[in-house]
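Numbering (our numbering), first residue to last: 11 to 55. Beta carbons: idealized from backbone N, C-alpha and C, even for Gly. None of the values given here were measured: they were computed from a predicted structure.
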Amino acid sequence: MPVSTTTSGGKSRIRDFFMELTALSWVTWTQCIALAHRCAMARRR
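Given below as structure tokens:
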């Protein structure tokens with residue numbers, strides 16, 4: 011998605027920070043869910 015250069019640099023910087031934070035939290039959540047699923051499968055055996 012293109013970032014408009016007409017807006018102030020601070021606003022776009024905050025937006026990039028939030029986008030990175032969201033992506034990072036998404037990766038962390040997926041890893042936690044995968045780990046929990048693996049533990050549940052191992053416990054079920």
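Go ahead and pull the three-state DSSP assignment for residue i.
{"i": "residue 23", "result": "helix"}
{"i": "residue 55", "result": "coil"}
Please go through the same chain and pick out, in chain order, the residues whose beta-carbon is closer than 6 Å to the beta-carbon of residue i, but skip the five residues on each side of it.
{"i": "residue 29", "result": "none"}
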